[in-house]
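The opening position of the sequence shown corresponds to residue 2 in the working numbering, with each subsequent residue numbered one higher.
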Amino acid sequence: MSGPPGAAAVPDLWSGALGRRLALPEVTAAADGSFVARAEPDADLLGQRETVFGGWLACVVDHVAGVATAAHLGSAAGFLTADLRVRFVRPVDGKPVTFTAVPRGVGARLVDVGGRGEQFGVLCCQAELTQVISRG
């Protein structure tokens, strides 16, 4: 992975059974400093009117934001999501969603991250996250 300092040290955060069950995607660093993932929800995540469970969208945007935070802080830093706010703009069907996250501000104890999910270039959800640095 190329990108910001520390990007090479980004751990594979969810490679186990839970990550597979949630269909969490691989995240890549983009040249502009953002982190991008493309995910296709499992059919089990479809609910009313064949739309995707919103909790899955929130989970994936949190995952992509976590990888972005880990890349910017480096492998020695520990952090956790303290606040996750997701605004659902439109329903998502079972087709692929592209998620993007960008760390907007890194302080001594907090990291602010902006995230979004798009389907076919149309905004589906927008997120604001605060990560608390616990060590490093």
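Just so you know, even glycine gets a beta-carbon here, dropped at the ideal spot from N, CA and C. Here the structure is a predicted model, which means the values were calculated and not measured.
Do ALA78 and ALA102 have their C-beta atoms within less than 7 Å of each other?
Against a cut-off of 7 Å, the Cβ pair of ALA102 and ALA78 comes out as no contact.
Do the CB positions of PRO104 and VAL114 come within less than 7 Å of each other?
For PRO104 and VAL114, yes; Cβs fall inside 7 Å.
Bridge partners of VAL112, per DSSP?
Within the DSSP bridge table, the entry for VAL112 names VAL107 and GLN132 as partners.
In or out: ALA32 buried (at least 16 other Cβ within 10 Å) or exposed?
Classification for ALA32: exposed.
Endpoints, beta strand (DSSP E) assigned at ASP63:
Where ASP63 is concerned, there is no enclosing beta strand (DSSP E), although the alpha helix (DSSP H) it sits in stretches over 55-74.
ALA18 beta carbon less than 7 Å from that of PRO26
Contact: no.
So which of GLY122, PRO97, VAL61 and ARG91 has the shortest CA-CA distance to GLY116?
Nearest option by C-alpha distance: VAL61.
Closest Cα partner of ASP45 within the set GLY75, TRP57 and ALA83:
That would be TRP57, whose Cα lies nearest to the Cα of ASP45.
Starting from VAL87, trace the beta strand (DSSP E) in both directions and tell me its first and last residue.
Following the DSSP letters along the chain, one finds VAL87 inside the beta strand (DSSP E) bounded by residues 79-89.
Strand pairing of THR29, partner residues [DSSP]:
DSSP, once it has assigned bridges, lists VAL37 as partnering THR29.
Between the Cα of GLU119 and the Cα atoms of ALA109, GLY108 and GLY95, which residue gives the shortest distance?
Looking at the Cα atoms, GLY95 is the closest of the given residues.
Determine whether the Cβ of VAL37 lies closer than 7 Å to any Cβ atom of chain B.
The question asks about chain B, but that chain is absent: this structure has only one protein chain.
Report the option in GLN49, VAL112, VAL98 and VAL133 whose CA atom is closest to the CA atom of GLN127.
Residue nearest to GLN127 within the set GLN49, VAL112, VAL98 and VAL133 is VAL98 (criterion: CA-CA distance).
Helix, strand or coil for ALA18? Go by DSSP, reduced to three states.
DSSP places ALA18 in the helix class (H, G or I) of the three-state scheme.
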